[in-house]
Structures are given as structure tokens and as C-alpha cells.
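Inspection log for the structure reproduced underneath, given as C-alpha cells.
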Amino acid sequence: MKIDRDSLSEIGTTVVRNKSRSLLTAFGVFWGIFMLVVMLGGGQGLQDKLSQNFKGFATNSAFVFSGRTTMPYKGFQKGRSWTLENADVTRLRAALPQLDVVTPLLMFYGKTAAVKDLKTSCSIYGLYPNMARVEQTDIRYGRTINDMDIHEERKVCVIGKRLYKELFPGGGDPCGQFIKVENSYYRIVGVNYGGSNISMGGDPETTIQVPFPVLQKAQNYGNRVDALALTAHSGYRISTLEPQIRQIIYRAHYVDPDDKFASFIFSAELMFTMMDNLFRGVRFLIWLVGLGTLLAGVVGVSNIMMVTVKERTVEFGIRRAIGARPTDILLQVILESLLLTVLAGMAGITFAVFVLQCLELANTVDGIPTAQFQVSFGFAVGAACLVALLGIVAGLAPALRALHIKPVDAMRDE
Amino acid sequence: MIQLENIHKTYNNGQPLHVLKGINLHIERGEFVSIMGASGSGKSTLLNILGILDNYDEGSYYLDGKLIRDLSESKAADYRNRMIGFVFQSFNLIPFKNALENVALPLFYRGVNRKRRNALALEYLDRLGLAEWAHHLPNELSGGQKQRVAIARALITQPQILLADEPTGALDSRTSIEVMQLLKQLNEEGQTIIVVTHESGVANQTNRIVHIKDGMIGHIEDNVNHNASPFGIDGLMK
């Protein structure tokens, strides 16, 4: 096998000689690899963007809400409403050591918050400090609600990002100032910039967090609770604990153990699993479609190389007659196919990277990309290798056909 | 140089066709031989066997003392490259390569480096008076020039034998004479040349004429006096 500058430039000329044909064939490969890279990058970016909605949210968590019974039980008629209570926290803790966090929540929506003459709508949550282990906080100013606030039932609060921006347009540290919700005043002790988009109820950016006992008393709630937030210790799946959780709570509130609709358990874990499966499916589809398109392009290259070999029967015959070995012919055809495929593939990868970069730049907030659309350098190199490999495979069949050209054919084919 | 002993060749395309029926031929170094015959007489098959482009079924063929039989494709390619120069009726130059590249191609397959083979190709083109056409593509050359490029390509490997298959078949009578003169001159410089032709005028220029008829050698005539026959004089070829 002999390769030098001449043989390489010769391969170049043969590809360039049929400009439009080479271009049309190359487009198949170009489009195939472009689609594969762009779709994979885009899929990754989309997944990034969606998972941001769950940022800071414990994956192995669930929320329990009470509702109405749908079955008569122990003399109670069906359709009776029941509510969770403070004691349910201790019941669950005592009965299910697999649970890590068990914390009650109070949630009120559509309230109005006011600072001096500025007003805005908000929701108000009563919670314990350990709620932060279910949904992370990102404290910009001040601190979170702490155990002393609970213990002394201080009328303090942590406000969300949007509330802070709307009620304190001048900026600065708002800690120490008072915010009025309905007829109560709360002293601001912190500003929370965190929060996911799946938090129960309102947007965390417009939420005021206050100590649980304070809100329970202010709203005259007695020992009633709106919801329980739970997480399981690592090694346990909260979704498998669901039936036991129901049994314990139902027993205390005289609800039929088989009454599935008397309570509602929102399992974040199930949702995360669903999302994972969804994206796995999407990725599978992307590979299927992308590789399919690429393969179609490569088959096109193989096809056109077949035509080229057929067209150049005389030429290959002459080459054989003047002393080209079979391996020389084999190498020549494969290199031609390789060059065509790799050129098209590189163009495709380059264009795809450009498009992904544009997507990433279009998705920045304050100059920071919100999601990673761009593929890694290693992936790009891998894609180039894949294209090269396919180029060789595409050249194989035409090369074998070229091998069967006898020198005599050159003289016969006139 | 060439020893053919009882060569038989049969083509099996549907109906077996016995093309060569026992060819015995000896050609010495430095000879200028023509093989004549009507179409279908088996002269092309004989040429293919001589040029190691085809196998034979029976007999033996010694080229420069080496038995040419059942060679692998690579080995055959190697022998063709080193021992045989081909000149074809339709020139068979590669259309997208210029004269120089065409002439240098056999050396490329021999593995000679680029600088040396291009220098050598230019030297051979110069010998045939084509130095200033070195960078022209074949379709920019006349028929005679193309055939001379082809001869240069055949000669560049310094082959043991030059096989010419109807070298004047596609040329007018004027250039035919020029090409035959060239071959004659090469022979006088010591090159062994075998010409396959059906034109009496071409054959008349050679020193020995082998007549083939129905796959057998009819008769071999020594052609010492090139002017004894009217053919070949003043461009009368056919």
C-alpha cells in the first residue's frame, strides 16, 4: 500500500471532479451527523432546563394532604371531611423509623403583603426549620426560621425573592423591617432566593415563611395541619412506604383503610422516576432517529461510490495493468469514501456545535447559561470517529467491487 | 526471453470455447515481433497471456526464465509492473491526470518517491519529444501524442518486453508511420517488442511475423526486407 502527497491530492481531485454529485451525497452525511449532535445537545439542554424546576427539592420526598372519605367506616358516613393534626407527626415518627423528616405545613394563598404603602399578593406558609431538608433555601440576606423562633413563637418571617424586589425596590438588607399580612405584622429576618417550581402551592418567590406555631395560632387553626412533608432515610423508597403511612394516619382519624381517595399523597420520587424514564425514552428516540439519518447518508455515499467505481472501470483496469496491486485499489476507493464522509461529517459537527452554541447563548440569565446545550469536546471527537468509521464501512462494498475489475476489462470496455 | 510451450486456453462462458490450441513460441531478447491474425483467431488471448493479464489452462510460459503460472493477484501485478510495458489501441491514459502524472504512475505503484518518479517521467517524455506537453491533460493532446505518452508510460519501468495491442488502430496513417518508426527505433536500441495487429503494413515493419489462425500458429515468416511488400511503404498500412 502506497500513500504519498500525490495519492492524497488525487483522491481530492476525484471527489472535486463531480462537484454537484459529491455535494449532494455529502449532504446526506452532513445532515445525519448534524441532526444527531444537535438533537443530543438540545435534549440535554432541555433536560437541564426541566430539572432546574426541581432544583433543591429532595427527590425521595412526599406530601400528604387530607380530604373527604369516600367510604362509610365505623358508623361515619362517607363524604366526611377530616384534617391532619399535629399529633400525626409524632404518630408517623413513632411508627415508621424509616422516615427521616416528618414536618407539618400550613399554607394560605391569595393574601396581601404590605410594607408601608407598597402592596403585593403573596402566600404565607407556616413551617418548622427542618422543612429546609425537603426544599432547600438559598438565603441572600439574614437567616432562616430557627428553633428559637418556634420555641418563643416569635412573629418573624423569611420572604421570597419577588416579594423582596417588589416591596423593597430600593434594595438593601430588609432585615429588621416589618411586613404586614392581613392584620399581623411580622419582622423580616431573611430573604430566600431559592426554591423549586414544584413546591406545594404557590411560587416560592412570593411566599412568606413564618414559624409554624405562630401561623397556627394567628389563623385559629387549633391543632389542625394542612399537609405533612416527608422524606425517607437513604435506602428506603418513600413510594413503598406510602401504604403504611396511609394506614397509620387513617387509623387515627377513623378512615376506612381501603379508602384510597380520602387522602392524597404527592410523591416527588414517582415524579422524578417518571421524568427520568421520559428523558431516557427521548434519548433513545434521538439516537434512533439520528443514527438512522446518518446511516441513510452513509448508504448514499456507498451507493455513489458504487456508481463511481462502475464509471471508472477502464481507469481501474489500466491501473491494474500497469502494476497496481489489489490492496492499492482497495485503499484508493476506501480513502475516497473516507474523505467524502469525513469532510461532510466535520462540516455537520461544526455546524451543529455552532447551532448549539447559539441555543446556549439564547438561554442565559445575567450572562450565565441556564442549561448546557453544548456537547462536550470528547463527544465531538467521538462523533468524528464514528463518521470516519462509517466512511470506511461505506467504502468497503465499492472497494470490493473495484477489486473484481480485471485489467482485461480496461481493453474490452472501449 | 519468452518461451511458450503448448499453451491451451478455453473460455467457459456457457459453451466452452477452445481459443488457443497449443501455442509454441520462442522470442529472443531484442526481437521485434508481430502477431497477426483475423479477429477471433486468438491473438488477443495470446497477448493477455503474454502480458500476465489472463491465465492459461495447459502448457507453460517462461518469461525471462521465470515460470508464469497461477500467480497471486499481487504477484501478477508486481511482474506486470517490472517486466511488461503495455501500449493499447485506445491509449488508455487516465483522463484526469496530465501527461507527466500518467507516465509516472507505474513508478508510483512501484513505490518510487515523488521527486524521482516525476524527474524520470519528464526524462522519458523528453526522449519522445513531449517535454513541453508534460502538464497537458490527455484530451489536450493529439492521437499521436497520446500514443507517445502511453509509450513513455510503458517504457518508464524499463520492461523486459513491450506489448503493443494494435498500437496504430486509432491513428491516421501519417501518425501510424510515426509511431511505428518510434517502435522500430526503440527496438534498435535493444528493446524487445511484440506487436499484435491485423494490419499488414504494421506487421511488415517488424522483423518476424507470427500468423495465428484458429488458435494455432499458422506460420512464422522472417521479414528481413521491409520493402519486399507494398504494405508499410508510404503509410500504406492496411
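From first to last, the protein sequence lines stand for chains H and A.
Counting from 1, one number per residue, gives the positions in the first sequence under our numbering.
Counting from 415, one number per residue, gives the positions in the second sequence under our numbering.
Where is the CB? At the ideal position from N, CA and C, for every residue including glycine.
Source: prediction; values computed, not measured.
Exposure label - residue i; buried when at least 16 CB within 10 Å
i	result
Gln595/A	exposed
Gln429/A	exposed
Phe57/H	buried
Arg187/H	exposed
Phe377/H	exposed
Tyr538/A	buried
Ser9/H	exposed
Glu414/H	Because the pLDDT of Glu414/H is 45, which lies under 50, any placement of that residue in the model is unreliable, and the question is left without a value.
Met131/H	buried
Phe500/A	buried
Pro552/A	buried
Phe446/A	buried
Leu118/H	exposed
Cys358/H	exposed
Met1/H	With a pLDDT of 49 at Met1/H, under the threshold of 50, the modelled position of this residue cannot be trusted; read the value that follows with caution. Exposed: under 16 other Cβ atoms inside 10 Å.
Asp586/A	exposed
Lys529/A	exposed
Asn601/A	buried
Leu461/A	buried
Asp88/H	buried
Gly629/A	buried
Check: residue i C-beta below 6 angstroms from any heavy atom of the ligand FMN
i	result
Ser376/H	As presented, the structure is devoid of all ligands, the ligand FMN included, so that no description of it is given.
Cβ-Cβ distance between residue i and residue j below 7 angstroms
i	j	result
Ile392/H	Thr25/H	no
Val158/H	Arg133/H	no
Trp547/A	Ala513/A	yes
Thr582/A	Val624/A	no
Ala568/A	Leu576/A	yes
Ala229/H	Thr103/H	yes
Phe63/H	Ala262/H	no
Phe505/A	Ala578/A	no
Tyr425/A	Leu431/A	yes
Val298/H	Ala402/H	no
Leu215/H	Gly126/H	yes
Thr231/H	Arg162/H	no
Gly558/A	Thr606/A	no
Ala257/H	Tyr250/H	The sequence shown places Pro at residue 257/H, not Ala. For Pro257/H and Tyr250/H, yes; Cβs fall inside 7 angstroms.
Gly281/H	Val29/H	no
Pro407/H	Gly317/H	yes
Glu336/H	Thr13/H	no
Val189/H	Val210/H	no
Lys111/H	Val181/H	yes
Expected contact under 8 angstroms - CB spacing of residue i and residue j to nearest Å
i	j	result
Lys423/A	Thr459/A	6 angstroms
Gly454/A	Ile498/A	With 8 angstroms as the limit, Gly454/A and Ile498/A do not qualify as a contact, their Cβ atoms being about 24 angstroms apart.
Pro213/H	Ile150/H	6 angstroms
Val638/A	Asn621/A	7 angstroms
Val342/H	Ala388/H	5 angstroms
Val517/A	Ala535/A	4 angstroms
Pro129/H	Asn146/H	6 angstroms
Pro326/H	Ser488/A	6 angstroms
Gly323/H	Asn495/A	3 angstroms
Glu269/H	Ile238/H	5 angstroms
Leu390/H	Leu294/H	7 angstroms
Leu356/H	Gln374/H	5 angstroms
Delimiting residues of the beta strand (DSSP E) encompassing residue i
i	result
Arg140/H	Ile139 to Gly142
Pro430/A	Gln429 to Ile441
Arg622/A	Arg622 to Lys627
Lys310/H	Run containing Lys310/H: none in the beta strand (DSSP E); it sits in the alpha helix (DSSP H), Ala268 to Glu311.
Ala578/A	Ile575 to Asp579
Met415/A	Careful: Met415/A lies outside any beta strand (DSSP E) and carries neither H nor E.
Ile607/A	Thr606 to Thr611
Met630/A	Met630 to Asp636
Lys119/H	Leu118 to Leu127
Boundaries (first-last residue) of the alpha helix (DSSP H) holding residue i
i	result
Pro398/H	Phe377 to Leu403
Leu585/A	First-last for Leu585/A: undefined, no H or E at that position.
Tyr538/A	Arg528 to Arg541
Phe446/A	No alpha helix (DSSP H) holds Phe446/A; the beta strand (DSSP E) holding it covers Phe446 to Met450.
Leu106/H	Run containing Leu106/H: none in the alpha helix (DSSP H); it sits in the beta strand (DSSP E), Leu99 to Val115.
Ile349/H	Pro326 to Ala362
Ile11/H	Arg5 to Arg17
Ile150/H	Asp147 to His151
### Query
Where in the segment 171-243 of chain H do unbroken runs of the alpha helix (DSSP H), each at least 4 residues long, occur, reported from the N-terminal end onward?
212-218
### Task
Output the residue ranges of the beta strand (DSSP E) runs that lie fully inside the segment 453-512 of chain A and measure 3 residues or longer, sorted by chain position.
Annotation: the segment 453-512 of chain A contains the following complete segments of the beta strand (DSSP E) (minimum length 3 residues), in chain order: 472-477 and 498-501.
### Task
Would you mind listing the alpha helix (DSSP H) stretches within the segment 543-572 of chain A that are 4+ residues and don't spill past its ends, in chain order?
557-569
### Query
Quick one: complete beta strand (DSSP E) runs, 3+ long, within the segment 24-87 of chain H?
61-66
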